[in-house]
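First comes the structure, then the notes that go with it.
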Amino acid sequence: MLHLCKGNVAVVKAAVLAGCRAFYGYPITPASEITEAAALYLPQVGGTFLQAESEIAAINMVYGAAAAGQRVMTASSGPGISLMQEGISYCAGAELPCVIVDVARGGPGLGNLAPEQGDYFAMVKGGGHGNYRNFVLAPASAQEMADLTILAFTLADRYRNPAVVLADAFVGQMMEPVRLDPRETAAPEKSWAVRGTADTRRNLVNSFYLDPDQLEARVRRLDAKYRSAEMVEARSETYQAAGAEILLIGYGIVARVLRSAVEQLRTLGVRAGLFRPITLWPYPSAALRQAARGCHLVMVVELSTGQMVEDVRLTLNGTLPVEFYGRVGGNVPTTEEIVDQVVRCLAAATV
Amino acid sequence: MPDGRASHAKSPVFYEWYDRKPDMKHQTHYCPGCGHGVAHKLVAEAVTDLGIQDQTIFVSSVGCSVFGYYYFDLGNVQAAHGRGPAVATGLRRANPDSIVIAYQGDGDLAAIGMAEIIHAANRGEKIAVIFINNATYGMTGGQMAPTTPVGQVATTAPWGRRASTDGHPIHVAELLATLQAPVYIERVALNDNRNVMRARKAVRKALEIQTRQAGFALVEILSACPTTWKLTPPDAQAFIAEALVPVFPLRVFKDAETTAPGDDAVPVRPVAEALDIAAEPGWARKGRAGSPRTLGIKVAGFGGQGVLLLGQILAEAGLREGMEVSWLPSYGPEMRSGSAHCHVCLAHDCIGSPLVSHPDILIAMNNTSLRKFAASVPAAGTILYNGHTPPADFPACEAGIVCVPASEIADRIGAAKAANVVMLGALLAETGCLPEDTVTAVLDRAVKSPELVAMNRRALEAGRCVIASAPPR
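Protein chains in written order, with my numbering: chain E, 1 to 351; chain B, 352 to 824.
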């Protein structure tokens, strides 16, 4: 059944249902409701909530709880995520499953509190040091804040790797009907964890390999894991993409605006379609190539100066013209603004 | 014995052979005269004596002791530089029966990790911290540490530590002893047999406290680093006594084991109940084919006028009517008297953009909001304005303006805080966008006391009457 729920609150409810029993976080707008909801719900289900002294401490507490085999998460926004990057790299290096929610806001620096998608590079391309990847899931609704949080726990455990839910201030703050299945999922057994028990005494959680050959072997193994995830874990969605002449591409809140734009464009006689990546890593390249087949033009829209557009260009590899339209500073384009851009673009393309 | 075993009989808490260096499996990587070997031995002995090998997790930090996991046959977790106490917190809270040791050096604990140690201590985390203070950065080659005494030469203090530029050494034990939560803090040294015996007792006590889950314990151990001090091992022991002990006095700083803290744990409930997803029946989507497009509503006013709540009530009522709904707030650090607005969409089909840039209905609770958003309302739209008449200088706009002096009416009926509900009543009467009984049910649930339920109902009715009694337009 449906309940009206804020995206940020849906994250925590879904996490609890996914078996998450520990949350370590530090307040920051626009992610604070996640920390507050965790403070409310986790103790009531016998879990741990701790407001850490910093995001640095929070992610390292996550590292400790993940090392102990617990399903654990944290949440923050840009400035806090920057502080967590070292710890995320350690989690990836030590192969610790954990979930990090980034409710992105305006940047760089202190930026502002409004939605932006300027954290794409930081989350999708690594952000911390070394050769690693995060799973990155991009919800576009309150329902997906819940669903993709559950998926994040699944992927994190399946691949023993950090998984990021990359939202934005709008998706986090928005209230929408959310359906939650009250049946809990059980976290898988983790024989590698360090629990302070006889059977886990010989276990070691570590990312330190002084010997170059040993470290190379380790990094190659991680890389093989990432390659296998790329084969099967990419997710995306299309809307009216079949037979479209122009394909609009966006994720998160932007995809919602693009959906409305596609509808308006169709009433104007423009055959527009939408491609929405749900996973930003692995990037749904095969699905994008498929969706773009037959198009004359693609237009990428982001709340950035152009970050995801690089992955679109890599994917299409010069086969199609790729236009870009971005808004930053916390401004979200209106449907009419996108329609206007598309019409202008098509006019320019036919000249 | 021919295989050399007898020559290094040792605690079973140490591995029999060390894998750190394939050709020297009976040796640690520590330099001759280094205090880590002795400190490791004290930890291993205490774990053996207390019989807690299976329960114990050793958190090794960044510094020379990073390789602790090559030696200790314990659960092992390697932590980032300075973050040992945070990692230990996560481990210990995940498994309250485990015994967690954070083993840290002075750069790790007292420089980069100062925040983590202070807060772990202040929370009274049930962990034992073994703090090796050798007044230098050993692993990186003898740079100045936060505990380096004034005048002591380091590679990054070639003229010796200068108080004028580098300050004085930090006294960790004294600093942490000012906090209320820690139960045991002692400083010991490894420079002679008598002090080693005292250190042995201290380490044992710190771990024994963990077996009783009694609280945070820290043992600061003054320890030699002959290599970076550029001294022979015997001279290094003398240096501890002559140069370090006068700066870092050896004593117990806190031994305040109190009774266990009161049980203030939150009662645990079934998950669905705790999450509030089972108690109340949820609502189902009805979906109506061929139904009209999305109705976009913008509610705007001052913070404190209940603008965001009004939007939420509309969305909740829409949900109960089986509609697709979305509620999107404008928000900011401002609370009362800042401007606030929200976007509400009510639809019978999937909602694309939740942003309402051209609202079908604008509720302007103040003059500023009217001026800001009126022009965005299309000709077929409706503006509800909180006032008798639009401001005298207000320029004409495409949409019709319905004036509802909601604040004034709310004051008159003794419901000053319910101007938003008066406006809601007017909205329903004017547009019929949602059934009044559904909205009433949502309103009733939104407040706790019967007085407030009655007040809301009065306000809703008053708003409805404004429209009902208005002359036809």
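Yeah, the Cβ is synthetic: ideal placement off N, Cα and C, and Gly gets one too. Since we're looking at a predicted model, the values are computed, not measured.
In this structure, GLU237/E lies away from PRO282/E, with their beta-carbon atoms at least 9 Å apart. Under the DSSP assignment, ASP517/B falls in the alpha helix (DSSP H) whose first and last residues are 514 to 517.
Taken atom to atom, the span from the alpha-carbon of MET490/B to that of VAL501/B is near 21 Å.
Taken in chain order, the complete beta strand (DSSP E) segments of 3 residues or longer contained in the region 543 to 576 of chain B are 568 to 573.
Between the alpha carbons of GLY689/B and GLY654/B lies a gap of roughly 5 Å. Flagged as an interface residue toward chain B: GLY87/E, by a C-beta distance shorter than 9 Å.
For PHE724/B, the enclosing alpha helix (DSSP H) starts and ends at 718 to 724. The Cβ atoms of THR379/B and TYR422/B sit closer than 9 Å to each other. Our two residues, ASP762/B and ASN807/B, have alpha carbons roughly 13 Å apart in a direct line. Against chain E, the CB of PRO618/B has a partner CB under 9 Å away; the residue lies at that interface.
Using a CB distance below 8 Å, the part of the region 662 to 679 of chain B facing chain E consists of GLN663, ALA666, GLU667, LEU670, GLU675, VAL676, SER677, TRP678 and LEU679, ordered along the chain. The criterion of a C-beta distance shorter than 9 Å is satisfied by ALA67/E and LEU96/E. Judged by DSSP in its simplified three-state form, ALA272/E adopts strand. Unbroken alpha helix (DSSP H) stretches of 4 residues or longer found wholly inside the region 445 to 480 of chain B: 465 to 474, given in chain order. In the DSSP secondary-structure assignment, CYS98/E is bridged to PRO162/E.
Between the alpha carbons of GLN561/B and PHE567/B lies a distance of about 8 Å. VAL755/B does not reach chain E, its nearest Cβ partner there being about 25 Å away, counting only Cβ pairs nearer than 8 Å.
Along the region 454 to 483 of chain B, the positions whose C-beta sits under 9 Å from a C-beta of chain E are ALA466, GLU467, ILE469, HIS470, ALA471, ASN473 and ARG474, read in chain order. In the three-state reduction of the DSSP assignment, PRO680/B falls in the strand class, which pools E and B. Counted as a single uninterrupted DSSP element, the alpha helix (DSSP H) harbouring PHE121/E occupies residues 120 to 124. For ASN771/B, the enclosing alpha helix (DSSP H) begins and ends at 770 to 782. Contact annotation: ILE28/E and GLU55/E have beta-carbon atoms nearer than 9 Å. Around the beta carbon of PRO373/B, fewer than 16 other beta carbons sit within 10 angstroms, so the residue counts as exposed. GLN494/B is bridged by DSSP to TYR488/B. In the structure shown, GLN406/B adopts coil according to DSSP, grouped into three states.
In the three-state scheme derived from DSSP, where H, G and I count as helix and E and B as strand, LEU626/B is classed as coil. DSSP places MET73/E in the strand class (E or B) of the three-state scheme. By the CB criterion at 9 Å, ALA22/E and ARG444/B fall inside the cutoff.
For the C-beta of GLY441/B, the chain E residues within less than 9 Å are, from N- to C-terminus, ALA22, TYR24, THR48, LEU50, ASN60, MET61, VAL62, TYR63, GLY64, ALA65, ALA66, ALA67, ALA68, GLN70 and VAL72.
For the pair ALA575/B and ALA565/B, the CB atoms are not nearer than the 9 Å cut-off. ARG256, VAL257, ARG259, SER260 and GLU263: these are the residues of the region 255 to 276 of chain E whose beta carbon lies less than 7 Å from some beta carbon of chain B, given in chain order. With respect to GLY118/E, SER304/E sits close: the two C-beta atoms are nearer than 9 Å.
Excluding five sequence positions before and after ALA668/B, the CB atoms of its chain that fall closer than 6 Å to its own CB belong to LEU785, THR789, VAL790 and VAL793, given in chain order. By the Cβ-count criterion, ASN544/B is exposed, with fewer than 16 other Cβ atoms from all chains shown falling within 10 Å of its own Cβ.
Nearest to ARG620/B by alpha-carbon distance, out of TYR159/E, VAL45/E and VAL12/E, is VAL45/E. For the region 158 to 190 of chain E, the beta-carbon criterion of a distance under 7 Å to any beta-carbon of chain B is satisfied by PHE170, GLN173, MET174, MET175, GLU176, PRO177, LEU180, PRO182 and GLU184.
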